[in-house]
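Novice: Input: one structure, supplied below.
In my numbering, the protein residues as written are 814 to 1216.
Structure, rendered in structure tokens:
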């Protein structure tokens, strides 16, 4: 159905839906909204839906799903509705890889505009750092082609939303055909040890190693040996040779016995298997914090662990490396000095949303002194937006007090 979203907890309720099949459709829709004085929004997959549109014009771009790879230039031109699975496949045919994330069904444009934290990011940086040009329809209904040196080009890259409707962009690709990757799964009784070891381990690895650790309560229906278990899941992507990858992960393997170990050399086109994010639409709420460090990971388990009043999936991404370096062309990504990204997400399957927000807020409060800000890409739902505004206000006040 036109306008359906991957996020099912919150739905747009527009007065008009425009299922765009051309750039002209997008331009006409924005001009109509401007002429009528009503709001508009755009949706490809709806993974990152935060505050639903009430009335106005919803522009859906799923039909604009083209991708063209230039293997000589190492670039791909994508349309507004292109998803990462199409780019990974097209680039992989030439031994190249994009800076895609863990979920191949996510839209390229929305992901990239929000910064784009991907599987190869510690080696190559934020996805938005490698955008070459952008076609965007601004709120007045005018189509612009913007490149380096244009202020709109800077604002779009990393801002996330609110600048206009991007109808296409050219992105960089990288010479990565194969990776050493997969996951290490540890049982609940080892979660605290794994978290502590992971935080220490991240200080020792090269930029070619991008990783995260997730605290995941698997449903009973999940395959053995994970079904019904609460686990620590360490996710690994290493672009060096497999032998060196094995050496680098040895300290993690030594922490405790593993329920499952899927680390192996694989083509980058199989990289979606590393996280195995759920591909079906569902209801969820989530928020995040960019952290300068993490003195103690204990609150992650104490507040949002197996004893939490509802299901919480906690994820800690290791940042740094190329993510910390300024891009060749300035953009709007903030807090490049963050060492970790802490994320928490909970399903809204009948769970009281206020109770979910309370637990998420408690977790963010526990790391407040080390919080630099938020990533716009990982705020899901109005409660997450409220938490972002609240904490960003605290950060701003703290900075004013320090100056």
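Glycine residues also receive a C-beta, built at the ideal position from the N, C-alpha and C atoms. Keep in mind it's a predicted model, so treat the numbers as computed, not measured.
To the nearest angstrom, report how far apart residue 1184 and residue 942 are at their CA atoms.
Specialist: 23 Å
Novice: State the beta-bridge partners of residue 1051 as determined by DSSP.
Specialist: 993 and 1022
Novice: Are residue 1104 and residue 1152 touching if we call contact CB-CB under 8 Å?
Specialist: The answer is yes: Cβ separation under 8 Å.
Novice: What distance in whole Å lies between the Cβ atoms of residue 1159 and residue 1099, which are believed to be in contact at a cut-off of 8 Å?
Specialist: 7 Å
Novice: Is DSSP giving residue 1034 helix, strand or coil here?
Specialist: Reduced to three states, the DSSP call for residue 1034 is coil.
Novice: DSSP has residue 1098 in a bridge; who is on the other side?
Specialist: Residue 1098 pairs with 1159.
Novice: From the DSSP output, in three-state form, read off residue 1136 for me.
Specialist: helix
Novice: I want to know whether the stretch 1056-1064 touches the stretch 885-897 - three or more CB-CB distances under 8 Å.
Specialist: As far as the Cβ criterion goes, the stretch 1056-1064 does not touch the stretch 885-897, which means the pair count is below three.
Novice: Is the Cβ-Cβ distance between residue 1028 and residue 1004 less than 8 Å?
Specialist: yes
Novice: Specify the secondary structure class of residue 1112 as computed by DSSP and reduced to three states.
Specialist: helix
Novice: From which residue to which residue does the alpha helix (DSSP H) around residue 1183 run?
Specialist: Careful: residue 1183 lies outside any alpha helix (DSSP H) and carries neither H nor E.
Novice: Exposed or buried, what is residue 960 when buried is set at 16 or more other beta-carbons lying within 10 Å of its beta-carbon?
Specialist: exposed
Novice: Considering only residues of the same chain and omitting the five flanking positions on each side of residue 1042, which have a CB-CB separation below 6 Å?
Specialist: 1031
Novice: Residue 1153 by DSSP, collapsed to three states: which one?
Specialist: Three-state result, residue 1153: strand.
Novice: Can you tell me where the beta strand (DSSP E) holding residue 873 begins and where it ends?
Specialist: 870-873
Novice: Looking at the secondary structure, which residues open and close the alpha helix (DSSP H) in which residue 1004 lies?
Specialist: 1004-1014
Novice: Buried or exposed, going by whether 16 or more other CB atoms sit within 10 Å of the CB of residue 1182?
Specialist: exposed
Novice: So, using beta-carbon positions, are residue 855 and residue 956 closer together than 8 Å?
Specialist: no
Novice: Taking Cβ positions, are residue 901 and residue 913 nearer each other than 8 Å?
Specialist: yes
Novice: With DSSP run on the structure shown, which of helix, strand or coil describes residue 1058?
Specialist: helix
Novice: Quick check: what's the CA-CA separation for residue 985 versus residue 883?
Specialist: 10 Å
Novice: Starting from residue 899, follow the beta strand (DSSP E) in both directions and report where the run begins and ends.
Specialist: Per DSSP, residue 899 belongs to no beta strand (DSSP E); it is in the alpha helix (DSSP H), 897-905.
Novice: Helix, strand or coil, according to DSSP, for residue 1080 in the structure here?
Specialist: strand
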